[in-house]
Each structure stands twice: as C-alpha cells, then as structure tokens.
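Just below is one structure, and these are the notes that go with it.
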Amino acid sequence: MESVGFPSQGDLLKFFYNATGIIPAKGEDILDITISSKSVHKALTRVAEEEGCNFLENFNQYSEELFSSISALVLQKKFKDILINPIIEIFNGYLKLILTEHACLDKKQNIENLIERFMINIAQACFPAEIYYKYILDKSYPEAPNLFTWLKDSEKTPFIHAMNWIYSSEEMTYQAFHQLDNDLDQNDKDLINVKNWLAGKVQLPSTSQILSTFHRAFKNQKLNTKLIDTYTFFLLIARFLTYCKNAMSSTYGPSYTSRYVDLFIQAYSAVKRDFFILLGEIPFKDINSMSIEEKEFLFEGLFIYNIEIFNKNFLEMQKKFTIKQMLELWIPKDQPYHAATIHIHRYLGLTKKTEEIMASFKVNIGNIFHAYDLIKGDRSDYDVWLNEYKSIKNDEIYPWLKNWIDAVIYYKQKQYVQALENMRKAFKYIRYAAADKMIEFLEFYMILSLLVEDKAGWKDFKKAFKWGVFINQFGGDLKPFYNINNEIDIRKLFEEKITQITLFGNVKDLKSLANLVFHWEYSYSEPKRIAISEQVELEPEKRGF
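Residue numbers (the UniProt record's numbering): 1 to 545.
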C-alpha cells in the first residue's frame, strides 16, 4: 500500500490549471501567462511535489498567474469575482481541514472523503454567483441557463450544453454561427472542430482553443460586449464542470459521480433556501429599486450572516440532538437550519463510511498512538512497537513515524546530527498526513536544526519554518511566530534562536523546549539569561504532546 496522505496544495493548484483549461494544447499559446508554455507542465509538477523550500513563493506565483489569467478572459468585474472567488475560498478552506484531520487512507480515498466533506462549503462558495448574476447585472444580460440540468445529463457534457445554449440564444445553427466571411480555411477548421466538440468525440479542448474559435464567431456576428462576456463566462464554467465531472467519473465511476451531483444539488438548494429565508426576514425596499451599490452592500452582509447562522445552527444541533436524532431530523421550512442539517448528514454519513473503511486499520491506528506515546516519553517499549510497526506494514503506510521516534531517541542521546537526519527524512512524507501533530513535528525539527554544530542546520530550519509560514497562509493560525518569509529575516531569526536555545540547557523535554524557544514572550525580545528557577511553569495543555 502506498503511504497515506492528503493531496498537496500544489496538487490542488495543478488540478485547477487543468480544469480551467489554462494550460494549452501543443502548439498553442498559453493564455495571459508569463510562464513558458513549454515548461508549465513540468513546473506545475514540481509545485505539486513541493520540493525545496520556496513553498509559498512557488504557490503564490502559480496561483496568481492562474487567477490573473482567468480574470483577463472577461471584462466585467462581477464576472471576474464570480469565477475567481470560489476558487480562492476552496484553497483557503482546504488546509484548514487537513490540519485537523489525520490521514489514515491513501490519497485517492482521501480525495473522495474531501469531495463529500466539502460539499456544503463548495455550495456556499458558489451560491453568491447566482445572486450576483440575477440581481446585480442589469436586464440586458441573457437569462442564466440551468447549470444543474447540464450537470445531471449523463448523455451530454456541460460543455456541449453551453455551446447549444449559445446557438439557441442566438437562434442560429452552429454552422451559421461559426460561418466566417473572409477566411474559408479557418472557417472549415472551426466547423470541423465544433462538430467534433458537439459530438463529444474528441478530447476536451483547451480554453485557448475554445475561446479563439468562439471569439472569431462573436466578432463576425457583431455581438456586443455584454453578450460576449456572458457567453465566455458560461463556456468557462461549462468547461470547468466538464473536466471535473470527467475526472470524477474516470476515478470513482459513473454511479458515484451521479450520486455526488445529486447530493451537491441538494446541498446547494439548502444553502439557497436558508439565504432566502433570511432575506425575507429583513425589512427593506424592493430590490429592483435599489442601486447597484445598495444591492452589493445588502447581499454581501447577508452572505456573511447566512454562514454565521449556519455555523451557529450546526454547533447547536450537535449539542442538542443525538446522532440518531440528527440522522432522522426534519427541519421545518420556516427555520434556516436546512444547510446545517445537510452538513450534519454528510458528516455523519462520512464518519460511518470512514469507520467502516478504517475498521481493518484499527491495529494500524493503535500503533500510531503507541508511537506518539514513545515520542512523548510516556512509554519506552520501542522494540515491541517496532515489531508491530513492521508486521502490520505501518512502515509502508506511515514511513515517517519511525524517523520521528528515532530522532527523539537520538536527541536524548545528544546525537543531534543523526536526529536531524531522521527528521529530514520524515518531513518528506509527513506534511499532509499528521494533522495537528504537524506543528509539533515542525518545532521539533527546528529545535534539532538549532542544536547541530557550526550552524549546519540552517537549511533544515529554513525548510521547516517556511512550511509553517506556508500553512499559516492558508488558515493554520500559527501567528505570531510564523509570519516572515524573507530569507534574510529567517536567517536572522535562526541566528537569534541559536543563541536563545543555550539559555534553556536544563530543559530536556522537546515540547517544553520548543515552547520556550519559539513561543515564550521573552524569546521575542533581546535574549536574557535566566535561572531555571525563574522559568515560567508551562500551562498543562501546553506541556502535553
């Protein structure tokens, strides 16, 4: 079995590049991106692997390129927001989830779990787009198509539906719509491509190819900017949905995909229902008589309030009802609890499903907790643990566990070079598998990097610290310590901590030492030598592992 772990942020970024179609086919220009199209595939693979130390810089470069590229495809600001904001919200929510979830399954199973666990969150991120399109844009824009109908259709892809929607809106056949007056060669190429796209006989084309084909037709048909933006917008969404649906179907099968689409529509409908219940409770003048600024102010406030109510209801329901009652719960239509109900049902369903899958991993999980006891120093039966670790193949699933324990043992023996080498090996595998234990691991790793002689641990300190900065960027909430990204400043911090760690020579416990060196308030100021008797007793919850 492959080692467990969640997909990396780089994996997620690479997926969005592919789903949006921004990466061109061979011989095409990449859309509004400064990265060479020849190197983008290799570069994204490197970003997904997250090698080296520049985690945040690499991610920021490619995410900013992605967002700016998508943004450049449409002119209207609201269309830009609708396209980009959900992606950003999904990115920001992703790491918050994996920082609290241990990975006990392989990457494929973890992705399946995340897809379903994130269902309400994705619906909440996407729903504002419908409201903005319906109420913020003026009536000169065409009526929005039903995207759920496109998604549910097992015969035609959303991309094919989007194309047919454009031809139907213009009351033209695809042959007439794509007829070019002054370029017969290009006309023939476009008609062949469009025919194949509509038949679904070819690979999903890149966004570059789609838009160049349609924009030639838009120009020839003399469409206005609003129509061009609208059609472009729905082509982009349809292409994205088609890629996602194809990827899900090829990985998990058509029946899972169909089930997920139905569940997502249910979740989206719940979010929408709750929103309009809240909207109906607020006295205000007719929406249609409001200015755009008034509408935006109203809706932005309601979106925030809707999520706050959802979170409040979710917590209240967890306290108020038993699991059995929650599974049988039916919320009256006049109460904005429905999205919370759906979320609880998905959460409980996934929990049961995960428990069933993980039943065979019970011994493996017990071995993990045994390992954590060894790291804390609560147990000393290393050989017993190691024999079980190998016999149940935890050395294949969790290869970083032995490295971490060995590092702690070497630390106690003051063999800091060997300890650091083990932490270096563990870091490669642990990043998307250890949940809340990741913070302890990073700080143990940095402590050991400070203890080796001649400042030989600098590269390890930088790598661990920059990973902390990276996860802090996505909601890890590790401030105030992990808040610098400049290498010169990190080097200065490294030098300061080398000096400060010598002040706590009598502290043997790694957890306590890390708290003193990295988080004790006086460690942020000029180092001051203090006697052990003067040291502040750590709070109980900060002493344990």
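C-beta atoms are modelled at their ideal positions from N, C-alpha and C, and glycine is treated no differently.
Member of the options whose CA lies at the smallest distance from the CA of residue i
i: Ile136; options: Trp400, Glu293, Glu170; result: Glu293
i: Asp262; options: Ser168, Asp153, His215, Leu223; result: Asp153
i: Phe233; options: Arg216, Ile210, Tyr252, Lys222; result: Ile210
i: Ala123; options: Ile307, Asn220, Asp460, Ile430; result: Ile307
i: Ala514; options: Leu451, Leu298, Gly280, Asn224; result: Leu451
i: Ile131; options: Glu300, Ala456, Asn313, Trp467; result: Glu300
i: Lys362; options: Tyr372, Ile375, Ile392, Trp385; result: Ile392
i: Ile501; options: Leu13, Ile471, Ala464, Ile447; result: Ile447
i: Ala125; options: Met163, Asn164, Asn85; result: Asn85
i: Tyr398; options: Lys80, Asn364, Ala19, Lys508; result: Asn364
i: Phe275; options: Ala19, Phe303, Met172, Ser249; result: Phe303
i: Trp400; options: Glu296, Phe427, Leu66; result: Phe427
Cβ-based burial, residue i [other Cβ within 10 Å; buried from 16]
i: Ala72; result: exposed
i: Ser63; result: buried
i: Val271; result: buried
i: Val417; result: exposed
i: Ser255; result: exposed
i: Asp454; result: exposed
i: Val469; result: buried
i: Thr34; result: Reliability fails at Thr34, whose pLDDT of 43 lies under 50, so the model's placement of it is uncertain and the value that follows must be treated cautiously. So Thr34 counts as exposed.
i: Phe369; result: exposed
i: Ile287; result: exposed
i: Arg259; result: exposed
i: Leu315; result: exposed
i: Asn483; result: exposed
i: Lys134; result: exposed
i: Thr257; result: buried
i: Phe218; result: buried
i: residue 600; result: Because the chain spans 1 through 545 in this model, residue 600 falls outside it and cannot be assessed.
i: Phe297; result: exposed
i: Asn92; result: exposed
DSSP three-state assignment for residue i, whether helix, strand or coil
i: Tyr482; result: coil
i: Leu223; result: coil
i: Leu510; result: helix
i: His370; result: helix
i: Lys425; result: helix
i: Ile282; result: coil
i: Thr232; result: helix
i: Lys139; result: coil
i: Glu155; result: coil
i: Gln179; result: coil
i: Val202; result: coil
i: residue 611; result: Beyond the ends of the chain as shown, which are 1 and 545, falls residue 611; an answer cannot be given.
i: Asp395; result: helix
i: Met248; result: helix
i: Ser208; result: helix
i: Met290; result: coil
i: Ala270; result: helix
Residue interval of the alpha helix (DSSP H) (run including residue i)
i: Ser449; result: 437-451
i: Thr173; result: Careful: Thr173 lies outside any alpha helix (DSSP H) and carries neither H nor E.
i: residue 546; result: Residue 546 cannot be examined here, being either before or after the span of the chain that is shown, 1 to 545.
i: Leu386; result: 382-391
i: Leu151; result: 147-152
i: Met119; result: 119-131
i: Leu401; result: 399-412
i: Lys497; result: 487-501
i: Asn187; result: 184-199
i: Val469; result: 458-471
Beta-carbon spacing of residue i, residue j below 8 Å
i: Ile166; j: Ala129; result: no
i: Phe16; j: Ile87; result: yes
i: Met438; j: Ala267; result: no
i: Leu204; j: Tyr243; result: yes
i: Phe159; j: Glu170; result: no
i: Asn403; j: Lys425; result: yes
i: Tyr305; j: Leu278; result: yes
i: Lys77; j: Leu151; result: no
i: Ala419; j: Tyr429; result: no
i: Leu184; j: Arg216; result: no
i: Trp458; j: Phe481; result: no
i: Asn367; j: Tyr389; result: yes
i: Glu443; j: Phe504; result: no
i: Trp385; j: Ala371; result: yes
i: Thr230; j: Pro142; result: yes
i: Ile127; j: Ile265; result: Per the sequence presented here, residue 127 reads as Phe, with Ile not at that position. No.
i: Phe441; j: Ser449; result: no
i: Thr20; j: Thr207; result: yes
Residue i: CB within 7 Å of a non-hydrogen atom of the ligand MN
i: Cys126; result: What this structure holds is no ligand at all, so the ligand MN is not there to describe.
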